[in-house]
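Single-structure report; data block below.
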Amino acid sequence: MTNIWLEVFLGKIGKYIISFLSRSYQFIIPFVIAYGIFLALSSYNLKRIEKKANLEILNQARVIIEKVPGINYVDLVDRIKIPWKKIIKTYSFFPYISQESDLWVTRTNLIDVRDIIMQNDKKIRLVLERNGINIFGKKPTIRKNLYTEYIHRITRRKGE
């Protein structure tokens, strides 16, 4: 019955692939586990570098705001210089990096690390706001629950 089901839904080729995998799984599983460990190490490597870059952004912003209290956001971003080479040399322990959901890795070099970490244009603003530095006009408000706000909009109820 199982063979008929496999052949109907997967075809003959799919059936052969499934039967091959079931016969030789003990040879395939170690490679899958090793690759998973490899991806986990490269993801942890990127997180370590990103954490230090965020700390560097935060420290430099605090020093700049202390020296120039009335600075605006554009000037602040222009003055923040992240020492990428130093951070990579000090905090990288593995020759590869990958994001959490990636299935492939890239070499740990200056361009790739900077592109991955700073891919969002508002990264510096996000880091500063998360750490309580808000020089960008209005004060931060408590974020509303977007799900309940959407439900209230559909049902036309007033928020509490």
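Numbering-wise, the sequence shown is residues 14 to 173 according to my numbering. Glycine included, each C-beta is placed from N, C-alpha and C at the ideal position.
In the DSSP output, what is residue i paired with across the bridge?
i	result
Ile-110	Thr-119
DSSP three-state call for residue i: helix, strand or coil?
i	result
Gly-224	Residue 224 is absent from the structure shown; the chain starts at 14 and stops at 173.
Asn-144	coil
Asp-134	coil
Pro-82	coil
Buried or exposed: residue i, going by 16 or more other Cβ atoms within 10 Å of its Cβ?
i	result
Ala-74	buried
Thr-103	exposed
Ile-46	exposed
Leu-141	buried
Thr-15	exposed
Leu-59	buried
Val-126	buried
Assuming residue i is part of the alpha helix (DSSP H), what are its boundary residues?
i	result
Asn-16	15-36
Val-90	86-92
Ile-101	97-104
Quiz item: Is the number of C-beta pairs between the stretch 122-142 and the stretch 58-70 that are closer than 8 angstroms three or more?
Solution: yes
Quiz prompt | Inter-stretch contact (C-beta, 8 angstroms, three-pair minimum) for the stretch 80-100 and the stretch 20-36 | solution = no
Self-check item: Cβ contact check for the stretch 110-130 and the stretch 47-58: 3 or more pairs under 8 angstroms
Solution: yes
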